[in-house]
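Trainee: Below is one structure. I have some questions about it.
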């Protein structure tokens, strides 16, 4: 039998543990019992910090959402031609995803069974829509290829970016740093893999 | 109480039901009981067709794997410059994914808990490797931008393609057909979203 650790958690450090468990077991598959075991403190100690697992979920996905929406308020997202702005937002989205990997992973995996999950999905859609609007503006400027459907391009762009949560591991041997990945996504999505012909 | 249907299944039609259940509940979370309920026939009727759920998994992922590897034997994958061949394989991969959507979805979701799952993951890696080899050959021909890491490009290309299983629904109103999606993936990945400057 393991002895319960003394509760030295803050809401912040408890969140780190919870996000790990949510990502491993899925939010639906996680009970307060699982969280208590992973944190090594009693359930009542957890309730001392948060009202329950949905509050932990809300805090965790908020961190990802705030990170993403924060990008849109940065100067690079607001000035210059739309195509430059959308490239900037793409680059920064990859950087935020890498910096907040477990939180964004959780955000991308929520499935809409609770109010918090539905709210998170709604906010995520809003973010995608903001990027779609920028792509649309760039197309109107004549800076994007005319034969590309913008809604489809948005899907594929986020498909490429969001796939990072499946395979990107910052500590992996021979791994890529945030800059390399961000640059590769922007170059591939906007300029393509082919050499200029 | 529902009456069990008379067993009019063939191994093929039973597979369709099983793949649906696997994709909904996850392979690990699916029992013979779930399959029996979804098919509306008894467990012993299912055992009349297959040895168990792992055989159904093997048949299902084989269908996806055979579809993907079949592409590599097509004339378009074998002749011409490497960059043309890899564009061909990319386009056909999207088409196979769309044509075999539930089967490829299952293939992309297996997690390696059984021998069949590990085999499927291995075959999938082999396919990715074949595409990476083509990209490498295209880079050696000078047809791909020199500043792009090939391993990273392969990951991002499959990230874009595989994201289709998350959002593409062939019957969706205002949806895209297989051709449109395949063309969009190839154009975005190889030529980029930007107009030629």
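Protein chains in written order, with my numbering: chain U, 61 to 257; chain V, 61 to 257. Ideal Cβ placement from N, Cα and C applies to all residues, glycine included. Computed from a predicted model, the values in this text were never measured in an experiment.
Contact between the region 234–249 of chain U and the region 136–155 of chain U: three or more CB pairs below 8 Å?
Mentor: Touching, yes, given that three or more Cβ pairs across the two stretches are closer than 8 Å.
Trainee: Using C-beta distances below 8 Å, list every residue in its chain close to residue 61 (chain U), excluding the 5 sequence neighbours before and after it, in chain order.
Mentor: Only weak support is given to the placement of residue 61 (chain U): the predicted model assigns it a pLDDT of 47, under 50, and the question is left unresolved by the model.
Trainee: Contact check, residue 253 (chain V) vs residue 194 (chain U) under 8 Å by CB: the rounded distance?
Mentor: With 8 Å as the limit, residue 253 (chain V) and residue 194 (chain U) do not qualify as a contact, their Cβ atoms being about 11 Å apart.
Trainee: Chain U beta carbons: is any one of them nearer than 8 Å to that of residue 181 (chain V)?
Mentor: Cβ-Cβ to chain U under 8 Å: no for residue 181 (chain V).
Trainee: Give a yes or no on whether the minimum CB-CB distance between residue 102 (chain U) and chain V is below 8 Å.
Mentor: No, residue 102 (chain U) lies away from the interface with chain V (no Cβ there is under 8 Å from its Cβ).
Trainee: Determine the chain U residues that contact residue 255 (chain V) at a beta-carbon separation under 7 Å, and present them in chain order.
Mentor: Simply 202, 203, 204, 205.
Trainee: For residue 255 (chain U) and residue 249 (chain U), I'd like the C-alpha separation in whole angstroms.
Mentor: When rounded, the distance between both Cα atoms is 13 Å.
Trainee: Taking just the CA atoms, how far does residue 85 (chain U) sit from residue 99 (chain U)?
Mentor: Between residue 99 (chain U) and residue 85 (chain U), the C-alpha separation is close to 15 Å.
Trainee: If you reduce the DSSP assignment to three classes, tell me which class residue 190 (chain V) lands in.
Mentor: Residue state, collapsed to three classes: helix.
Trainee: Just tell me which of V:190, V:165, V:201, V:209 has its CA closest to the CA of residue 222 (chain V).
Mentor: When each option's Cα is compared against that of residue 222 (chain V), the closest is V:165.
Trainee: Do you know whose CA, among V:247, V:160, V:72, V:225, lies nearest residue 126 (chain V)'s CA?
Mentor: Of the listed residues, the one whose Cα sits closest to residue 126 (chain V) is V:160.
Trainee: Counting only C-beta atoms, is residue 236 (chain V) closer than 8 Å to chain U at any point?
Mentor: So, interface residue.
Trainee: Extract the residue ranges of the alpha helix (DSSP H) inside the region 62–128 of chain U, only unbroken runs of 4 or more that lie entirely within it.
Mentor: Counting only runs of 4 or more, we get 71–85, 92–99, 103–109.
Trainee: Could one say the Cβ of residue 92 (chain U) lies closer than 8 Å to chain V's Cβ atoms, at least one of them?
Mentor: It does not: the Cβ of residue 92 (chain U) has no partner Cβ on chain V nearer than 8 Å.
Trainee: Buried or exposed: which applies to residue 178 (chain V), given that a residue is buried once 16 or more other Cβ atoms fall within 10 Å of its Cβ?
Mentor: That one is exposed.
Trainee: Quick check on residue 171 (chain V): does DSSP put it in helix, strand or coil?
Mentor: In the structure shown, residue 171 (chain V) sits in coil (DSSP, three-state: anything other than H, G, I, E or B).
Trainee: Have a look at residue 66 (chain U) and residue 175 (chain U) and give me their C-alpha separation to the nearest angstrom.
Mentor: C-alpha separation (whole angstroms): 33 Å.
Trainee: Are the C-beta of residue 193 (chain U) and some C-beta of chain V separated by less than 8 Å?
Mentor: No, its Cβ sits nowhere closer than 8 Å to a Cβ of chain V.
Trainee: Return the residues of the region 206–217 of chain V that lie within a Cβ-Cβ distance of less than 9 Å from chain U, sorted by chain order.
Mentor: Those residues of the region 206–217 of chain V that come within reach of chain U (Cβ to Cβ, closer than 9 Å) are 206, 207, 208, 209, 211, 212, 213, 215, 216, 217.
Trainee: Are residue 167 (chain U) and residue 184 (chain U) closer than 8 Å when you measure CB to CB?
Mentor: Yes, the Cβ-Cβ distance between residue 167 (chain U) and residue 184 (chain U) is below 8 Å.
Trainee: In the DSSP assignment, the alpha helix (DSSP H) including residue 39 (chain V) goes from what residue to what residue?
Mentor: The structure shown does not extend to residue 39 (chain V), since chain V is modelled only from 61 through 257, so no value can be given for it.
Trainee: Could you tell me the distance, in whole angstroms, from the CA atom of residue 77 (chain V) to the CA atom of residue 130 (chain V)?
Mentor: Straight-line Cα distance between these residues: approximately 24 Å.
Trainee: For residue 83 (chain U), which residues in the same chain have their Cβ closer than 8 Å to its Cβ, ignoring the five residues on either side in sequence?
Mentor: Closer than 8 Å at Cβ, skipping near neighbours: 162, 165, 166, 169.
Trainee: Using a Cβ-Cβ distance under 8 Å, would residue 219 (chain V) count as near chain U?
Mentor: So, interface residue.
Trainee: Among all the DSSP beta bridges, which residues are the ones paired with residue 195 (chain V)?
Mentor: Looking at the DSSP assignment, residue 195 (chain V) forms no beta bridge with any residue, so it has no partner.
Trainee: Could you tell me if the beta carbon of residue 143 (chain V) falls within a distance shorter than 7 Å of some heavy atom in the ligand HEM?
Mentor: For the ligand HEM, the structure offers nothing, since it holds no ligand at all.
Trainee: Helix, strand or coil for residue 204 (chain V), going by three-state DSSP, please let me know.
Mentor: Reduced to three states, the DSSP call for residue 204 (chain V) is strand.
Trainee: Express the C-alpha separation of residue 114 (chain V) and residue 190 (chain U) in angstroms, rounding to a whole number.
Mentor: Those two C-alpha atoms are separated by around 44 Å.
Trainee: Between residue 220 (chain V) and residue 245 (chain V), which are expected to be in contact by the criterion C-beta below 8 Å, what is the C-beta distance as a whole number of angstroms?
Mentor: Indeed, because the Cβ distance is near 6 Å, the residues count as touching under 8 Å.
Trainee: So, under 8 Å CB-CB, residue 146 (chain U) and residue 198 (chain U) are touching, yes? Tell me the CB distance rounded to an integer number of Å.
Mentor: So it is a contact: roughly 6 Å between Cβ atoms.
Trainee: Using a Cβ-Cβ cut-off of 8 Å, state whether residue 242 (chain U) counts as contacting chain V.
Mentor: It does not: the Cβ of residue 242 (chain U) has no partner Cβ on chain V nearer than 8 Å.
Trainee: Which residues, in chain order, does the region 127–157 of chain V contribute to contact with chain U at a C-beta distance below 7 Å?
Mentor: Cβ contacts with chain U come from 143.
Trainee: Buried or exposed for residue 118 (chain U), please, with buried defined as at least 16 other CB atoms from any protein chain shown within 10 angstroms of its CB.
Mentor: When all chains shown are included, residue 118 (chain U) counts as buried.
Trainee: Report the neighbours of residue 223 (chain V) on chain U: residues whose CB is nearer than 8 Å to its CB, in chain order.
Mentor: The contacting residues are 215, 216, 218, 219, 220, 222, 223.
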